[in-house]
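Line by line, the protein sequences are chains E, S and W.
With the working numbering, the residue at position 155 of the first sequence is 155, and numbering never jumps.
With the working numbering, the residue at position 11 of the second sequence is 11, and numbering never jumps.
With the working numbering, the residue at position 167 of the third sequence is 167, and numbering never jumps.
So the structure is just underneath, and the comments pick up after that.
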Amino acid sequence: MHRLLIASILVVALVFVALTLVIVTAKAWREIRERVRRAKRRVLEPIVLGYAHGNAASILPALGGRLATADRGVVEEILLDHVQRVRGIERERLGKALDELGYVDRYLAGLKSPRWWKRAESAENLGLAGSSRATAGLLVALEDPSYEVRLRAAKALGAIGGRAAVAPLLRALSEPNRWSTIRIADLLSQMGRPVVDELIAAFPTLNLHAKLAALDILGRVHSLDAVPWLNARLADGDADVRSRSAAALGAIGVVDSAPALRQALGDPAWPVRAMAAKSLGKIHDAEAIPLLCAALRDREWWVRANAAEALKLAGPMGIEALEGMLDDADLYAKHQACLMLEESGILDRRVAQLASSGAVRDAAESIVRSFVQAGQDGRLRELAAGHAEPKVRKALARLLPEQAEEAAR
Amino acid sequence: MGVAKRILVAEDDPVTCRFVVSLLEDKGYEVVVAEDGERAASVAVDARPDLIVSDLVMPYRDGFELLRAIRNDERIKRTPLILLSMRDREEDIVRGFEQGADDYVVKPFNAREFLARVRKLLEPRSR
Amino acid sequence: MNWTALLQDVIVGFNVFVVLYFLALNTVYLVLFLISLRAVVKFVRRTFFSDYRQIMQSDMTWPISVLVPAHDEEKTIVETVRSLLMVNYGEFEIIVVNDGSNDGTLAALVGAFELRRMDRPYKRAIPTAHVRAVYGSLAHPNLTVVDKVKGGKSDALNAGINLARYPLFCSIDADSIIEDNALLRVVKPFMERPNETVAAGGIVRIVNGCEVKDGRVTRISLPDRALPIFQVVEYLRGFLTGRVGWSNLQSLLIISGAFGIYKKQEVVEIGGYTHDTDTEDLELVVRLHEHMRRKKQPYRVVFVPDPVCWTESPESLRVLARQRNRWHRGLLQTIWLHKRMLFNPRYGAVGLFAFPYFAVFELLGPFVETFGYAMVVLSYLLGVLDTQFFLLFFVAANLYGVFLSIAAILLEEISFRRYPGWVDLTKLLTYSVLENFGYRQLLGLFKVKAFWDAIRRRRAWGRMQRRGFGQEPQPERRAG
């Protein structure tokens with residue numbers, strides 16, 4: 001027993017000493033390397049950037065004719081750092097330098113590495129280099145067993161562009177177990193217009209999951225060409241498709257979709273009504289105002305909230321409509337209207353008008369009365385206590401009922 | 001041309017900062033640098049730049065706050081300012097202009113286009 | 001057969017038990033460490049590709065409601081909210097819940113952010129103590145402040161959940177500091193597996209000794225005093241080897257209340273945070289596991305081994321004792337509430353490994369250790385102490401403890417390296433040795449005391465439970 005204990009103590013002590021040594025040496029080694037790297041970078045970075053800003057056909061002369069092996073890592077780092085932060089000609093020049101100096105070849109070889117992170121890194125860097133030579137290799141990497149590699153490959157293909165990437169990414173949308181739909185949708189929408197036609201053409205073949213993602217993408221790409229097609233989707237048999245189409249139309253935000261969206265406000269499924277209300281707000285459709293007022297009385301909370309928000313955004317006419325709703329028979333509608341008038345600062349403006357005279361004053365007073373009757377007097381009490389204008393404070397004190405509620409507590 | 005125009009670059013990401021500086025110096029501008037919004041505000045007063053290029057997201061004071069500080073300071077309120085930002089959403093861009101930015105450039109940006117915007121803002125105003 | 005012989009038998013028997021217990025415990029630790037090592041290496045390779053920019057820009061990233069329960073936080077709350085408003089994230093809202101503060105917390109907020117009352121209708125999905133008022137700001141449309149009657153931290157969080165507009169919510173301590181990219185880092189698991197991920201947490205670090213300016217950590221270094229440094233070592237070990245390991249076994253049971261993101265729908269389904277324990281964060285995650293296992297849905301509770309949040313740790317023994325007492329009481333109460341999960345195959349790895357581990361080792365470990373020391377004293381008094389054996393065992397046990405701490409420092413050094421100086425590294429190494437001579441035993445004592453406190457106060461819990469859900473049924477003042 002004792003011998004066993006002594007042995008285990010020795011083993012643990014040994015491991016302890018070894019670990020400490022590892023930690024200390026690793027840190028020292030890293031710090032030395034870091035210092036060397038930084039010194040090199042200070043020299044090389046201006047050279048690389050000078051090449052990027054200039055017109056020289058090749059980066060090699062600036063580097064002194066050839067790239068020293070010891071500098072390879074630093075130059076690569078500089079090129080990769082900058083290539084992802086610029087667009088246009090400079091980006092192309094930096095990408096060309098990556099190719100010229102042999103990095104692209106190394107990444108292409110790296111796509112076949114047995115280690116997953118090497119493959120992932122290579123895929124990522126190929127995307128940054130923007131080399132069209134990489135397309136074939138990246139398409140193969142889309143089927144990689146490692147999720148990280150697949151995702152980097154998809155991202156790189158998206159960055160390099162070209163139609164070759166669209167079809168496999170669309171397929172990926174239908175496989176939520178293998179891909180994160182959100183990330184793929186992101187990549188597709190960054191590819192922009194060219195995706196729209198292919199999405200619409202492929203739509204009937206997609207499963208529901210992919211269809212919904214496709215609708216989101218169309219909204220993000222802001223393609224006007226998609227509007228009539230999306231309008232037609234508002235009559236789709238599936239409620240999810242209808243509501244996502246309504247959301248996409250709102251994101252694109254053109255008046256052409258207003259009639260279809262107004263109709264969608266009467267949809268039997270509440271998510272569709274909620275999204276339609278929201279999108280009508282984004283479009284600033286004046287004709288929808290009476291319909292949105294009606295939607296304030298909807299059974300579903302989200303529909304009411306979105307309709308109220310939409311009216312708030314609809315400009316003076318919307319505000320007027322909200323003020324009109326203050327005396328509505330429906331309690332829900334009244335409360336939503338109150339909140340919107342508070343959030344937009346209209347209530348404060350109306351309260352300030354209590355100090356004026358004539359019709360303006362009367363109108364303001366009637367609004368305040370409606371708030372009191374609706375029971376939404378929190379802001380009013382705050383103003384009654386602290387408004388800068390004594391006349392206003394007095395008027396509010398008169399309009400507000402005794403605080404029976406507080407006493408009861 | 002007389003003396004070189006002076007440009008203040010406020011940017012917390014060192015790589016982007018070096019790129020912008022090298023780009024501007026390459027075209028013969030004199031460049032001063034600040035790593036955060038707070039320092040940028042004081043450098044702006046001391047160095048009186050002809051133009052400010054500011055990142056939107058920075059420590060201590062973001063681009064909007066820097067912008068407000070500059071527009072509220074009598075000595076430098078007329079200095080044109082370009083906001084540089086990764087945010088490409090409509091709301092952000094609109095807000096940038098509303099807050100008084102003279103231009104808004106989305107990162108990653110096109111170097112030549114960026115230089116053209118700089119040149120335009122540095123022209124003597126003919127309004 | 002005489003008394004001494006019997007006593008000797010008992011002591012020898014207990015010694016064998018302690019040795020076996022020790023072996024089992026350390027095997028678990030070692031396995032956890034090895035799993036964590038693999039996970040951290042993989043994680044570091046993955047973060048080489050930083051996708052944060054993309055996550056931030058994407059419209060498809062889920063919006064988050066950040067909940068900040070605040071009770072008597074007058075001094076720090078404005079700073080906290082300011083730094084939260086500047087966090088890097090696409091769409092998010094901040095909901096500060098003033099839980100019946102006795103100081104000027106609410107007034108400070110109203111003044112700093114030009115708050116005004118908003119009569120905001122909301123769904124009371126979870127019953128809470130009376131909400132007096134809801135405030136909003138025209139200058140910061142994504143800031144909401146809720147003023148309510150005091151009901152405790154869990155009640156404040158529940159009120160926040162009721163008002164939250166977004167599908168994800170994040171709980172944050174009012175006195176902790178969030179890194180700029182914290183939300184982006186922790187939301188990543190939700191973007192990668194949107195259907196399965198129900199909760200995610202990140203590393204909490206100790207801010208003592210660091211330089212803080214305008215609600216941001218500007219320079220990281222270790223504290224000067226011993227007590228907080230011990231806690232830094234302890235946190236490194238707990239987070240980097242403990243939670244990373246459990247997360248990889250799909251059975252993470254703790255997400256620190258100082259920073260965690262949850263899917264709102266699932267939390268509302270289980271009725272939100274409970275008042276029944278002293279550690280609402282632990283209990284919530286255990287209950288989430290239970291709920292998801294019962295629903296038989298694939299789900300994940302994820303730990304992101306990336307530093308996200310900085311928190312102040314106790315500088316005095318008294319405060320530390322109180323904190324640990326509360327934590328341990330909470331652990332006991334949580335295990336008691338969910339005892340049916342123990343060794344229950346229905347709850348998978350959680351029921352078979354993680355939960356029993358917490359019950360047998362985390363909960364009872366300090367008890368065994370302290371009792372062991374008492375036994376040593378007793379046997380010494382009785383003259384039956386095998387001094388050689390005791391010393392050897394003591395050294396072995398502590399060397400093992402040191403080894404585990406150093407291993408955690410190694411993990412830190414290969415991954416995040418947040419403490420840049422050589423002085424800091426030396427301090428960490430030294431204190432990971434010193435920790436085993438005094439600090440650990442002291443914590444053991446605190447925990448044993450917590451045990452007694454919890455048992456003595458069982459009555460009090462009962463009362464607390466009854467009060468919990470029966471909060472005054474206030475008149476509905478909502479529209480939906």
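Don't be surprised by glycine CBs; every beta carbon is placed ideally from N, CA and C.
Would you mind working out which of the options sits nearest residue i, comparing C-alpha positions?
i: residue 230 (chain W); options: W:144, W:432, W:454, W:390; result: W:432
i: residue 82 (chain S); options: S:62, S:105, S:94; result: S:105
i: residue 347 (chain W); options: W:312, W:287, W:331; result: W:287
i: residue 74 (chain E); options: E:112, E:360, E:296, E:48; result: E:48
i: residue 33 (chain W); options: W:411, W:434, W:324; result: W:411
i: residue 198 (chain W); options: W:451, W:187, W:3, W:90; result: W:187
i: residue 342 (chain E); options: E:386, E:309, E:327, E:317; result: E:309
i: residue 362 (chain E); options: E:373, E:372, E:350, E:371; result: E:350
i: residue 127 (chain E); options: E:115, E:313, E:103; result: E:103
i: residue 10 (chain E); options: W:448, W:430, W:418, W:403; result: W:403
i: residue 135 (chain W); options: W:314, W:144, W:127, W:91; result: W:144
What is the DSSP secondary structure of residue i, reduced to helix, strand or coil?
i: residue 477 (chain W); result: For residue 477 (chain W), the pLDDT reaches just 34, beneath the cut-off of 50, and the residue's location in the model is therefore unreliable, leaving the point undetermined.
i: residue 35 (chain S); result: coil
i: residue 310 (chain W); result: strand
i: residue 12 (chain W); result: helix
i: residue 372 (chain W); result: helix
i: residue 218 (chain W); result: strand
i: residue 245 (chain W); result: helix
i: residue 125 (chain E); result: helix
i: residue 124 (chain S); result: coil
i: residue 239 (chain W); result: helix
i: residue 39 (chain E); result: helix
i: residue 384 (chain W); result: coil
i: residue 79 (chain S); result: coil
i: residue 459 (chain W); result: Reliability fails at residue 459 (chain W), whose pLDDT of 40 lies under 50, so the model's placement of it is uncertain and the value that follows must be treated cautiously. If DSSP states are grouped into helix, strand and coil, residue 459 (chain W) belongs with the helices.
i: residue 396 (chain E); result: helix
i: residue 366 (chain W); result: helix
Report back the beta-carbon spacing between residue i and residue j to the nearest angstrom; my notes put them in contact at under 8 Å.
i: residue 146 (chain W); j: residue 177 (chain W); result: The Cβ separation is near 22 Å, so there is no contact.
i: residue 322 (chain E); j: residue 331 (chain E); result: So it is not a contact: roughly 15 Å between Cβ atoms.
i: residue 268 (chain W); j: residue 172 (chain W); result: Not confirmed; about 19 Å, so no contact.
i: residue 277 (chain W); j: residue 333 (chain W); result: 4 Å
i: residue 23 (chain S); j: residue 56 (chain S); result: About 19 Å; that fails the 8 Å criterion.
i: residue 251 (chain E); j: residue 220 (chain E); result: 7 Å
i: residue 153 (chain E); j: residue 136 (chain E); result: The Cβ separation is near 11 Å, so there is no contact.
i: residue 382 (chain E); j: residue 117 (chain W); result: 5 Å
Checking the sheet assignment: what are the DSSP bridge partners for residue i?
i: residue 300 (chain W); result: W:197
i: residue 147 (chain S); result: For residue 147 (chain S) there is no data in the structure shown, the boundaries of chain S being 1 and 127.
i: residue 110 (chain S); result: E:87
i: residue 281 (chain W); result: Bridge partners of residue 281 (chain W): none, in fact.
i: residue 69 (chain W); result: W:97
i: residue 169 (chain W); result: W:65, W:262
i: residue 148 (chain W); result: W:99, W:131
i: residue 103 (chain S); result: S:82
i: residue 178 (chain W); result: W:309
i: residue 143 (chain W); result: W:94
i: residue 548 (chain W); result: Outside the shown range of chain W, which is 1 to 480, sits residue 548 (chain W), and nothing can be said about it.
Original post:
Taking a cut of 7 Å between CB atoms, which residues from the stretch 215-227 of chain W lie near chain S?
Top reply: Residues passing the 7 Å Cβ filter: 216.
Subject >> Near-chain W residues of the stretch 33-66 of chain S (beta-carbon distance less than 8 Å), N- to C-terminal order >> reply: Per Cβ criterion, the list reads 57, 59, 60, 62.
Original post:
Just by C-beta distance, which residues in the stretch 62-91 of chain W are closer than 7 Å to chain S?
Top reply: From the stretch 62-91 of chain W, only 86, 88 have a Cβ closer than 7 Å to chain S.
Subject >> Contacting positions in the stretch 7-18 of chain S - beta carbon closer than 7 Å to chain E >> reply: Per Cβ criterion, the list reads 15, 16, 18.
Subject >> chain E contacts from the stretch 109-121 of chain S (Cβ-Cβ distance under 8 Å) >> reply: Those residues of the stretch 109-121 of chain S that come within reach of chain E (Cβ to Cβ, closer than 8 Å) are 109, 110, 111, 112, 113.
Subject >> Members of the stretch 25-38 of chain E that neighbour chain W once the beta carbon cut-off is set at 8 Å >> reply: Cβ contacts with chain W: 26, 27.
**OP:** Determine which residues of the stretch 108-124 of chain W have a Cβ less than 8 Å from any Cβ of chain E, and write them out in chain order.
**Re:** Within the stretch 108-124 of chain W, the residues whose Cβ lies closer than 8 Å to some Cβ of chain E are 116, 117, 118, 119, 120, 121, 123, listed in chain order.
Subject >> Selection of the stretch 179-197 of chain W by Cβ proximity to chain E, strictly under 8 Å >> reply: Within the stretch 179-197 of chain W, the qualifying residues are 191, 192, 193, 194, 195.
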